[in-house]
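Below is one structure; the comments refer to it alone.
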Amino acid sequence: MFLFLLNLQFGLAQEEEKKEDMEPPHPAEIDSLAQNLEGSGITIEEVTYEKKAINPLAPSKAAFYSAVLPGLGQIYNKRYWKAPIVWGALGTAIYTYSFNNTEYRSARNAFKRRLAGFTDDEFYDLNGDGEGPDVSDEALQDAQERTQRSRDLSLVITLVLYTLNIIDANVDAHLKQYNVDDNLVVDFKPYLDMNPFTQEPNFGMALVVKF
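Numbered according to UniProt numbering, the sequence shown spans residues 1 to 211.
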């Protein structure tokens with residue numbers, strides 16, 4: 001009976017010790033531990049993460065602004081360095097279209113007057129010697145077709161650049177709100193473990209997901 005009571009008391013004492021070990025440390029104990037670590041040259045830093053506010057209408061606004069005025073969506077996204085690139089690219093494309101369209105109209109009007117029997121077009125007497133034509137009808141027709149192709153190509157390039165300007169503003173607005181926090185990680189890592197029974201190494205891959 002004495003041995004039974006002794007074993008029972010010993011078992012209760014072990015249960016109380018386990019409960020004490022399982023209880024979370026008191027905040028005062030945590031502060032004491034932090035002070036002891038700071039005295040040893042180790043600093044405990046509390047890291048807090050602030051969630052960014054997401055504006056679901058931002059991509060639509062950026063695309064709308066770029067559609068109304070190219071480059072304005074990039075300014076809305078605070079990508080100021082992109083606006084001059086957009087203006088330069090579209091300005092060059094529009095100038096090329098205007099130049100080719102002017103050349104096309106000149107060649108077309110001169111060719112039409114030649115077919116009507118007139119000799120007073122700007123290409124008939126280029127050198128001013130009173131003799132002509134200095135530019136043949138075939139050359140005028142070829143110039144008309146060449147400048148028309150260049151004009152149409154310039155128009156297509158202008159439209160493509162205008163569309164890319166809108167797409168860039170929309171995608172950039174999406175990416176600005178994309179969460180790239182280091183705490184959000186999905187990664188594959190190799191691991192090496194020893195089998196406790198055979199003492200042989202086990203190789204494998206681990207999927208690490210951090211939130």
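Idealized CB from N, CA, C, for every residue including glycine.
All values reported here derive from a predicted model rather than from experimental measurement.
- prompt: If you count every other CB in all the chains shown that lies within 10 Å of the CB of Pro59, and 16 or more means buried, which is it?
  reply: buried
- request: Tell me, please, whether the stretch 148-166 touches the stretch 63-71 by the rule of three or more beta-carbon pairs shorter than 8 Å.
  value: yes
- prompt: Under a Cβ-count criterion, where at least 16 other Cβ atoms within 10 Å of its own Cβ denotes burial, should Asn100 be classed as buried or exposed?
  reply: buried
- prompt: Is it right to say Val156 is buried, meaning 16 or more other beta carbons lie within 10 angstroms of its own, or is it exposed?
  reply: When all chains shown are included, Val156 counts as exposed.
field: Under the three-state DSSP convention, the category Phe4 falls into
entry: Since pLDDT at Phe4 reaches only 43, below the 50 mark, its modelled position is unreliable, and the value read off the structure follows with that caveat. Of the three classes helix, strand and coil, the one that applies to Phe4 here is helix, per DSSP.
- request: Closer than 6 Å by C-beta to Leu115: which residues in its own chain qualify, once you throw out the five before and the five after it? Chain order, please.
  value: none
message: Is the separation between the beta-carbon of Asp172 and that of Ala62 shorter than 9 Å?
response: yes
query: Just how far apart, CA to CA, sit Ile166 and Lys78?
result: 15 Å
query: From Arg146 to Ala107, what does the alpha carbon distance come to, in whole angstroms?
result: The alpha-carbon of Arg146 is positioned some 10 Å away from that of Ala107.
- prompt: Taking the Cβ atom as the reference point for each residue, do Phe118 and Leu140 lie within a distance shorter than 9 Å?
  reply: no
message: Need the endpoints of the alpha helix (DSSP H) that Ala142 sits in, please.
response: Here residue 142 turns out to be Asp, not Ala, going by the sequence shown. Counting along the chain, the unbroken alpha helix (DSSP H) around Asp142 starts and ends at 137-176.
query: With distances taken from CA atoms, which of Asn170, Tyr104, Lys82, Asn55 is nearest Asp142?
result: Taking Asp142 as reference, the option from Asn170, Tyr104, Lys82, Asn55 with the minimal CA-CA separation is Tyr104.
- prompt: Using the beta-carbon count (16 or more within 10 Å), is Gln74 buried or exposed?
  reply: buried
- prompt: Just curious, the alpha helix (DSSP H) that Glu103 is in, first and last residue?
  reply: 82-115
Burial state of Asp168 (16 or more Cβ within 10 Å): buried
field: Length of the line joining the Cα atoms of Leu126 and Arg113
entry: 16 Å
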